[in-house]
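Chemist: Sending over a structure as structure tokens; questions will come in a sec.
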Amino acid sequence: MTDAAQRERLLGRPLPSVSYRLLVDQDGAAAAQEALAVAQRHLRQVTLADRSPEDVAAAHARVDAAARAVDACYETIVLTALPLVGEVTTESLIAAHPPTDAQMAAAKTDRDKARHAGEEVPPWPAWNDATFRPALLAASAQTAGMSEQDWAVMLGERMSAGEVRGLWAACVAINLTGRAAEPVVLPKGWTRTSS
1 MTDAAQRERL
11 LGRPLPSVSY
21 RLLVDQDGAA
31 AAQEALAVAQ
41 RHLRQVTLAD
51 RSPEDVAAAH
61 ARVDAAARAV
71 DACYETIVLT
81 ALPLVGEVTT
91 ESLIAAHPPT
101 DAQMAAAKTD
111 RDKARHAGEE
121 VPPWPAWNDA
131 TFRPALLAAS
141 AQTAGMSEQD
151 WAVMLGERMS
161 AGEVRGLWAA
171 CVAINLTGRA
181 AEPVVLPKGW
191 TRTSS
């Protein structure tokens with residue numbers, strides 16, 4: 001690859017993104033999962049019975065339709081990493097949502113208790129969870145068309161604790177955690193020491 005081609009590929013690279021599937025129709029999902037299981041059993045029976053190609057194709061079509069019905073019960077939220085520079089960055093959001101005095105006082109109490117108990121001392125809060133999480137989600141999941149207020153309602157009233165943890169972990173992974181496409185393996189002797 002030429003230097004120019006590599007430069008083009010690097011400069012044309014989009015920001016990293018990750019998808020998170022969120023169940024939005026629980027009742028429909030239960031019925032759709034059951035229909036999918038029935039369709040899959042029927043496909044196995046048709047395949048084992050050595051039926052005609054038309055019967056097998058019809059059974060495959062039934063499984064595909066049932067799988068689409070299951071997928072329709074979910075919304076996929078695409079989270080895209082924020083750039084390092086610009087109007088809205090992860091750092092600018094952190095700065096805009098500092099921990100409250102009450103959160104800092106609670107953290108101080110928790111840290112003192114841990115220190116006196118000989119346990120690992122928890123870190124100081126880096127931001128106000130109640131406002132930073134919705135802000136980062138709104139900035140990262142722009143295709144969802146959700147505002148900070150919408151995300152605050154979702155996180156506080158429309159999602160389970162496990163769903164909130166899963167979505168937040170995906171958001172943190174794309175914005176706040178060091179990422180590498182592949183593990184870096186350095187060859188033996190890659191460093192030179194001058195004598």
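Following our numbering, the numbering of the sequence shown begins with 1 at its first residue and continues without gaps. C-beta atoms are modelled at their ideal positions from N, C-alpha and C, and glycine is treated no differently.
(1) Please check the pair residue 130 and residue 20, which I expect to be a contact at CB under 8 Å, by giving their CB distance rounded to whole angstroms.
(2) Going by C-alpha distance, which of 75, 56 and 7 is nearest residue 146?
(3) Of the choices 81, 39, 45 and 78, whose alpha-carbon is the least far from that of residue 66?
(4) Between which two residues does the alpha helix (DSSP H) carrying residue 82 extend?
(5) Across which residues does DSSP place residue 22 in a beta bridge pair?
(6) For the stretch 95-112 and the stretch 127-142, state whether three or more C-beta atom pairs, one from each stretch, are separated by less than 8 Å.
(7) What residue range does the alpha helix (DSSP H) around residue 134 cover?
(8) Residues in its own chain within less than 7 Å of residue 183 by CB, not counting five upstream and five downstream?
(9) Alpha carbon to alpha carbon, what distance is there between residue 1 and residue 139?
(10) Starting from the Cα of residue 160, find the closest Cα among 9, 5 and 22 and give me that residue.
(11) Look up residue 17 in the DSSP assignment and give the residues it is bridged to.
(12) Do the CB positions of residue 32 and residue 69 come within less than 9 Å of each other?
(13) Rounding to the nearest angstrom, what Cα-Cα distance links residue 93 and residue 176 in this structure?
(14) If you follow the alpha helix (DSSP H) that residue 121 is in, where does it begin and where does it stop?
(15) Please classify residue 51: does DSSP put it in a helix, a strand, or coil?
(16) The alpha helix (DSSP H) spanning residue 155 covers which residue range?
Modeler: Reading it off the structure:
(1) The distance from the Cβ of residue 130 to that of residue 20 is about 21 Å, inconsistent with a contact at the 8 Å cut-off.
(2) With distances taken between Cα atoms, residue 146 lies closest to 75.
(3) Of the listed residues, the one whose Cα sits closest to residue 66 is 39.
(4) Element bounds for residue 82: n/a, residue is neither H nor E.
(5) 75
(6) yes
(7) 129-140
(8) Summary for residue 183: the model assigns pLDDT 44, below 50, so the residue's position carries little reliability, and this model does not support an answer.
(9) 36 Å
(10) Out of 9, 5 and 22, 22 has the C-alpha closest to the C-alpha of residue 160.
(11) 80
(12) yes
(13) 12 Å
(14) No alpha helix (DSSP H) contains residue 121, which DSSP labels as neither H nor E.
(15) In this structure, residue 51 counts as coil in the three-state DSSP scheme.
(16) Looking at the DSSP string, residue 155 is not in any alpha helix (DSSP H), and its letter there is neither H nor E.
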